[in-house]
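Down below is the structure, laid out as structure tokens.
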Amino acid sequence: MSTLLDDLTPAQREAVTHFEGPLLVIAGAGSGKTRVITRRVAWLLEQGVKPWQILAITFTNKAAGEMRQRVEALVPGNRVWVSTFHSLGARLLRQYATRLGLDPKFTIYDQGDRVKMVKNALGAADIDHVRFTPETIQAAISKAKNQLLTPDKYSSKAGDFFARTAAHVYPIYEKKMRDANAVDFDDLLIWPALALQNNAELRAELDERFRFVLIDEYQDTNQAQYVIARGLSIDQRNLCVVGDPDQSIYRWRSADIRNILEFEHDYPDARVITLDKNYRSTQLILDAANSLIRKNRQRKPKELVTEKGEGMPVRVATFETGRHEADTIAEEIKAAVEQGRRTYRDFALFLRINALSRTLETAFLEKRIPYQIVRGLAFYERKENKDILAYLRLLLNTRDNLSFERAVNEPARGIGKVSLEHLRNYAEPRELSLLAAALEVQKIPAIKGKAAAGLREFASLIVELQKHLDAPPDELMRLVIERSGYGAMLLGSGDEDDSERLANIEELITAAGQFAAEDSSRTIADFLEGVTLASDVDGWDEKQDCVSVMTLHAAKGLEFPVVYMVAVEQGLLPHERSLSESEELEEERRLCFVGMTRAKEELNLCHARMREFRGQTLYVVPSMFLDELPTEGVEIADLSGSYAAQAIPAWRSGPADADEGWAAAGIPMRSKSTPRSEKSSDSGQEYIEGMVVEHEAYGKGRVVAVHGYGAMRTVKIRFGAAGERSFRAEKAKLTVVKSGQV
């Protein structure tokens with residue numbers, strides 16, 4: 057038997073060795089799906105399939121890179137095409153540009169550039185920017201493209217006033233993009249998808265070329281990606297899709313969970329294999345995750361199991377405030393590292409939204425805990441780096457007016473806003489790019505003196521630098537920094553910040569050099585494309601010994617020994633926008649499930665009683681998802697009292713094998729099933745979870761939670777007709793009912 061199969065489970069082996077025909081692999085969290093995909097690629101090569109006949113697609117550059125490395129280790133020098141959907145689209149568009157009516161030197165505009173172009177389109181349409189912001193219009197256009205709606209089709213469907221406004225802007229935006237020879241992220245999908253739908257010759261050519269297509273994370277595909285996958289697998293129906301409906305978390309990006317749920321409808325003869333053995337987490341973590349996700353209806357039922365043992369209970373930790381939460385987490389992490397039980401990189405903190413990171417960052421800085429915020433392009437979004445990248449983009453695409461406007465006065469060349477406006481007024485009626493207009497600046501009487509000289513100098517510089525486009529990416533970048541005067545500007549400055557900026561552009565050169573060293577055929581165009589298509593997780597450095605802080609969305613595909621999920625509170629997780637729609641609520645539950653299943657050994661679900669958020673201090677309630685956890689294998693740590701007393705009692709309850717975990721840090725624990733009672737120092741009334749009480753307005757109800765101490769103590773009661781209500785205990789007009797009937 058092939059050594060490729062020796063260490064696989066029967067289900068994994070079945071997926072790897074399936075040869076021709078459609079294949080659906082339902083791969084539970086941590087079930088080794090990357091291993092299955094890479095072994096399948098290697099196995100196909102062993103069967104004599106040619107490398108260029110195999111296409112493997114995933115969703116992030118990081119995942120594609122890992123997959124590529126694993127296949128290379130199995131079959132050195134294989135040259136199989138492993139790509140993200142967007143990188144595939146970019147490559148196809150450049151290859152078939154002339155057949156599709158595109159210039160192959162197009163620029164890919166990032167999110168910031170897209171918003172600027174929409175703003176320009178709003179201005180051209182004379183539409184108020186305040187009432188309809190560029191961001192909201194851009195989002196509407198993006199959604200339309202993901203649904204394969206061209207401007208004409210979108211206009212025909214536009215029902216309300218906002219949609220009609222977006223429909224008016226959409227074709228203007230598209231015209232400006234074509235004039236700039238630019239495409240946006242969504243164009244990298246809609247153009248290939250429409251080509252596969254409408255160009256039978258091209259579709260057949262690509263279908264013949266890619267005999268076997270493998271798609272990872274299929275649950276996150278949108279309509280355009282679905283059409284691409286289908287279009288490549290009509291004549292040769294060897295489409296293998298791998299994914300998990302329980303981990304579909306990109307509905308807001310137009311991902312359609314039905315693509316994976318209805319795969320068997322699209323391919324009635326599909327082979328279906330389920331991978332439910334988890335190699336990552338302990339069983340108690342999986343039990344909690346299974347209990348949660350079981351509440352969803354849009355799924356394919358399965359139960360994750362593991363051979364890693366029961367492990368530590370899942371901890372639900374309650375804090376008095378968000379700051380208390382951050383401080384305690386920081387203290388626990390520091391204690392674990394100082395005691396030699398953990399390293400900083402063992403820890404990850406997951407947030408529903410990035411805005412929650414500020415308090416955590418403050419706590420980490422105060423306690424000198426190294427951390428990294430995983431936000432993808434932060435390095436490339438620095439002003440100085442964007443300036444240099446603008447030069448490079450303009451060299452490749454002389455019609456890129458946004459890059460021209462960014463680079464032309466960096467360093468300063470005496471070209472003001474008025475002069476640029478005169479340049480635009482000259483260029484637009486003549487259908488010239490700003491660079492082409494600058495080369496004719498002597499024909500523009502309104503521009504003179506220093507501004508005219510500056511434009512001539514800049515245009516000549518770009519023309520001269522274009523002669524070096526074939527140079528290695530790092531060499532071309534060094535040339536741009538030197539000849540533009542940008543490096544000298546920073547070097548000659550006495551500002552300490554400019555010294556740091558100089559270090560950043562030098563690091564940019566290093567990044568370009570490393571990129572080229574991996575493959576000598578890579579060009580500056582490849583480097584710029586990689587930067588533009590990077591995702592959040594591509595900015596994560598797993599080798600650094602520091603705590604990782606990221607959103608739950610960015611955490612997908614990663615794993616850590618210890619996970620803290622912060623602010624697991626109603627309105628945040630699930631997000632307030634999801635509470636009125638069942639499909640949105642199910643996606644939030646999947647997002648919570650994804651976060652939980654990143655944890656290998658310890659999982660902490662944290663919430664506070666009060667949280668400073670959006671400029672306000674708010675009373676918050678625990679997430680409904682916490683009520684969906686099992687009663688066994690979950691322990692509650694109510695730390696809110698310790699915050700008020702400025703001390704943490706050194707007691708805990710739970711399995712003895714967990715002693716080396718939370719107990720070592722002195723964290724108090726109690727079983728989830730243990731009732732809690734607290735007494736008001738004012739009224740003397742004792743409330744206990746499960747107690748039946750009567751309210752003069754709402755009638756009888758049952759106490760479901762008691763929080764806080766003294767004047768801050770609250771009682772949450774579930775009434776038969778009025779639902780759940782919370783009261784300040786000392787002021788609540790409640791009567792204890794002796795009978796247990798509600």
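Position one of the sequence shown corresponds to residue 57 (our numbering), numbered consecutively onward.
Built from N, CA and C at the ideal position, the CB exists for glycine as well.
Query: Pull up the DSSP beta-bridge partners for Ala83, would you.; Result: Leu331
Query: Should the segment 199-210 be regarded as contacting the segment 172-190, the criterion being three or more beta carbon pairs within less than 8 Å?; Result: no
Query: Since Arg91 and Gln303 are thought to touch, with beta carbons under 8 Å apart, how far apart are those beta carbons, to the nearest angstrom?; Result: Contact doesn't hold; Cβ gap of about 17 Å is too wide.
Query: Give a yes or no on whether the C-beta atoms belonging to Phe188 and Asp402 are separated by under 8 Å.; Result: no
Query: Taking C-beta to C-beta, are Gly145 and Leu244 nearer than 8 Å?; Result: yes
Query: Entirely within the segment 91-120 and at least 3 residues each: give me those beta strand (DSSP E) ranges in chain order.; Result: 110-114
Query: Starting from Asp240, trace the beta strand (DSSP E) in both directions and tell me its first and last residue.; Result: 238-240
Query: Find the nearest neighbour of Ala120 within the set Val81, Ala260, Leu270, Lys213, judged by alpha-carbon distance.; Result: Leu270
Query: Have a look at Leu641, Gly755, Val605 and flag the residue whose alpha-carbon is nearest the alpha-carbon of Leu348.; Result: Leu641
Query: Tell me which same chain residues have a C-beta within less than 6 Å of the C-beta of Arg336, skipping the five on either side of it?; Result: Gly86, Glu615, Lys656
Query: Is the segment 59-69 close to the segment 315-325, with three or more CB pairs under 8 Å?; Result: no
Query: Between Asn255 and Lys442, what straight-line distance do the alpha-carbon atoms span, to the nearest angstrom?; Result: 37 Å
Query: For Ser516, collect the residues of the same chain with a Cβ closer than 7 Å to its Cβ; drop the 5 residues on either side in sequence, then sort them by chain order.; Result: none
Query: Take Thr221 as the anchor and find which of Gln194, Leu629, Asn560, Ala238 has the nearest alpha-carbon.; Result: Gln194
Query: Evaluate the contact criterion for the segment 330-345 versus the segment 69-83: three or more CB pairs, one atom per stretch, below 8 Å.; Result: yes
Query: Taking just the CA atoms, how far does Val605 sit from Lys506?; Result: 48 Å
Query: Name the residue from Val361, Phe241, Asn278, Leu288 whose alpha carbon lies nearest to the alpha carbon of Leu258.; Result: Leu288
Query: Select from Pro529, Thr399, Thr114, Ala573 the residue whose C-alpha is nearest the C-alpha of Tyr447.; Result: Pro529
Query: Using a 10 Å radius around the Cβ and a threshold of 16 neighbouring Cβ atoms, would you call Phe803 buried or exposed?; Result: For the chain, the structure presents residues 57 to 798; residue 803 sits outside this window and is missing.
Query: For Gly299, report the span of its beta strand (DSSP E) as first-last.; Result: 295-299
Query: Reducing DSSP to helix, strand and coil, say where Ile692 ends up.; Result: strand
Query: Determine the direct distance from the alpha carbon of Glu658 to that of Ser696, and round the result to whole angstroms.; Result: 21 Å
Query: Excluding five sequence neighbours on each side, which residues of the same chain lie with their C-beta closer than 6 Å to the C-beta of Ser475?; Result: Ile503, Ala507
Query: Are there three or more Cβ pairs, one per stretch, closer than 8 Å when the segment 128-136 is compared with the segment 226-243?; Result: no
Query: Three or more beta-carbon pairs under 8 Å between the segment 517-527 and the segment 446-462, yes or no?; Result: yes
Query: Looking only at its own chain, which residues have a Cβ that is under 7 Å from the Cβ of Tyr210, when we skip the five neighbours before and after it?; Result: Ala200, Ala223, Tyr226
Query: Below 8 Å on the Cβ atoms is my contact criterion, and I expect Val759 with Ile773 to pass it. Report the Cβ-Cβ distance as a whole number of Å.; Result: 6 Å
Query: Thinking C-alpha only, which one of Met368, Leu148, Gly779, Thr454 is nearest Leu340?; Result: Met368
Query: Could you tell me how far apart the beta carbons of Glu264 and Asp291 are, in whole angstroms, since I believe they sit closer than 8 Å?; Result: 7 Å
Query: Could you tell me the distance, in whole angstroms, from the CA atom of Pro678 to the CA atom of Glu639?; Result: 21 Å
Query: Sort out for me which residues DSSP pairs Met666 with in a bridge.; Result: Thr377, Tyr675
Query: Please classify Ala753 as buried or exposed, where buried requires at least 16 other C-beta atoms within 10 Å of its C-beta.; Result: exposed
Query: Compute the distance between the beta-carbons of Tyr436 and Val603, then report whether it is under 8 Å.; Result: no
Query: Closer than 8 Å, CB to CB, is Glu381 near chain D or not?; Result: Note that chain D does not occur in the displayed structure, where there is just one protein chain.
Query: Between Asp242 and the rest of its own chain, which residues show a CB-CB distance below 7 Å, the 5 nearest in sequence each way excluded?; Result: Ser198, Lys201, Asn202
Query: Give me, in chain order, the residues of the same chain whose beta-carbon lies closer than 6 Å to that of Ala196; leave out the 5 immediate sequence neighbours on both sides.; Result: Ala222
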